[in-house]
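Here's the structure we're looking at; comments come further down.
In my numbering, the protein residues as written are 2 to 119.
This is the structure we're talking about:
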């Protein structure tokens with residue numbers, strides 16, 4: 002993945018897929034949020050499953066953990082039919098994701114790969 006983030010809509014499978022990777026900076030987070038909201042405004046979220054694919058995400062710096070926490074909370078308020086979070090292949094990043102999921106009472110499903118998304 003050369004881009005740090007991408008948002009795509011699979012209308013056939015009714016999937017809204019947000020992919021993040023690499024070492025995120027504040028500007029990446031802002032660009033991702035903009036692209037996410039722009040694409041999200043084009044669909045009826047209650048008909049779609051949200052998949053946040055963080056498999057390629059590198060360790061998140063401390064200053065971005067608050068933003069990640071806010072993102073988790075936002076995902077749960079958008080009315081998606083289901084939410085999947087694909088954990089990072091990095092053990093440290095996956096631990097960060099699991100801690101934030103616990104802290105925010107994340108209602109989505111944590112999975113290890115896209116193959117587990119149903």
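No residue lacks a Cβ here, since even glycine has one placed at the ideal position from N, Cα and C.
Please return the same chain residues whose Cβ sits closer than 7 Å to the Cβ of residue i, not counting the five positions on each side in sequence.
{"i": "residue 7", "result": "20"}
With a CB to CB cut of under 6 Å and the five nearest residues on each side skipped, what residues in its chain are close to residue i?
{"i": "residue 122", "result": "Given that the chain is displayed from residue 2 to residue 119, the structure contains no residue 122 and the question cannot be resolved."}
{"i": "residue 107", "result": "73"}
{"i": "residue 2", "result": "The predicted position of residue 2 is uncertain, since its pLDDT is 48 and thus under 50; a value taken from the coordinates is nonetheless stated next. The residues are 22, 57."}
Can you have a look at residue i and say buried or exposed, based on whether 16 or more other CB atoms are within 10 angstroms of its CB?
{"i": "residue 88", "result": "buried"}
{"i": "residue 78", "result": "exposed"}
{"i": "residue 47", "result": "exposed"}
{"i": "residue 25", "result": "buried"}
{"i": "residue 84", "result": "buried"}
Do you know whose CA, among the options, lies nearest residue i's CA?
{"i": "residue 50", "options": "106, 12, 94", "result": "12"}
{"i": "residue 9", "options": "43, 30, 25, 24", "result": "43"}
{"i": "residue 96", "options": "60, 83, 76, 68", "result": "60"}
{"i": "residue 99", "options": "117, 28, 55", "result": "55"}
{"i": "residue 104", "options": "40, 116, 80, 67", "result": "67"}
{"i": "residue 18", "options": "90, 71, 69, 36", "result": "36"}
{"i": "residue 101", "options": "82, 118, 76", "result": "76"}
{"i": "residue 5", "options": "94, 92, 29, 16", "result": "29"}
{"i": "residue 93", "options": "34, 63, 14", "result": "63"}
Would you list the residues sitting across from residue i in a DSSP beta bridge?
{"i": "residue 115", "result": "Its beta-bridge partners do not exist; DSSP assigns none."}
{"i": "residue 9", "result": "18"}
{"i": "residue 110", "result": "85"}
Keeping to the same chain, check which residues put their C-beta closer than 8 Å to that of residue i; ignore five residues upstream and five downstream.
{"i": "residue 81", "result": "17, 46, 47, 49, 50, 51"}
Exercise. Curious, which full-length beta strand (DSSP E) runs of at least 3 residues does the stretch 27-84 contain?
Worked result: 50-58
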